[in-house]
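Take a look at the structure set out below.
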Amino acid sequence: MKKLISVLLVLGVLFSFSSCKIGEDKKREETLEEAKEVASKFEETNTRKDPKVIENLSKEQKQYFDSLGSSEQGTKLVVYTDSPNFTLVYSCEFKDNRVSKVMSYHIIKNDNYFNAVRAGIDSRSPATVDEKNKIIKADKTEKYKSKTYDEMTKEFAQYSFVEE
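Quick note, the numbering used here runs 65 ahead of the 1-based positions in the sequence shown.
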């Protein structure tokens, strides 16, 4: 939908620039070039990375991600979001339609980013660090303990759901 609106805006800009009456052909060409630049900027914003596509994980990290399983209606919810530096995964388990366990996993792709995040974890932090695979795990059960399966799907609506 966003792409369609952007394309329509670009076409509108192109038509409005091309239909303007300018005395000199050179100015018309300059205006057309400016319109093309605007169009390319719109296109660039619409070709941003699809968050459903996970990129740049090592083989071991991909295996770890796969080992977290997939969502099962009412009993398990696995969601993720991907960025250039890390993939954030939440694994939620349910008992009697209430959260029984929630874990977060930062699967970090960049050594510098991993070192910076790891430096922020100390004895007061609930997170554990897997140095070998560059994964930081944290138990988030307390934060979500009273939520139902449907509430958690709404909570993570902006994430991609892992389904079989």
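From the three backbone atoms N, C-alpha and C, an ideal C-beta is built for every residue, glycine too.
- Message: Between the segment 122–132 and the segment 165–174, can you find at least three pairs of beta-carbon atoms closer than 8 Å?
- Response: They touch, by the three-pair rule.
- So who's on the other strand from Tyr145, going by DSSP bridges? Bridge partners of Tyr145: Val154 and Ser225.
- Task: Report yes or no: do the segment 155–168 and the segment 203–216 share at least 3 C-beta pairs separated by less than 8 Å?
- Result: The way I'd put it, the segment 155–168 does touch the segment 203–216; three or more beta-carbon pairs between them come closer than 8 Å.
- Message: With distance defined between alpha-carbon atoms, name the residue in Cys157, Ile200 and Met168 nearest to Ala57.
- Response: Given a span of 66 to 229 for the chain in the structure shown, any question on residue 57 remains unanswerable.
- Buried or exposed for Asp147, please, with buried defined as at least 16 other CB atoms from any protein chain shown within 10 angstroms of its CB. That one is buried.
- Item | Lys219 in three-state terms, based on DSSP | Note: Lys219 maps to helix in three-state DSSP.
- Start and end of the beta strand (DSSP E) containing Lys174? Lys174 -> no beta strand (DSSP E), and no H or E assigned at all.
- With 16 other CB atoms within 10 Å as the buried threshold, where does Ser132 fall? Using a 10 angstroms sphere on the CB of Ser132, the tally of other CB atoms stays under 16, which defines it as exposed.
- Item | Alpha carbon of Leu142 to alpha carbon of Ala184, nearest angstrom | Approximately 30 Å, taken between the alpha carbons.
- Beta-carbon separation of Ser225 and Tyr155 under 8 Å? Going by C-beta atoms, Ser225 is not nearer than 8 Å to Tyr155.
- For Thr152, is the classification buried or exposed, using 16 other Cβ atoms within 10 angstroms of its Cβ as the cut-off for buried? By the 10 Å Cβ count, Thr152 comes out buried.
- Task: Kindly say whether Asn162, judged by its beta-carbon, lies nearer than 8 Å to any beta-carbon of chain C.
- Result: Protein chains in the displayed structure number just one, and chain C is not present.
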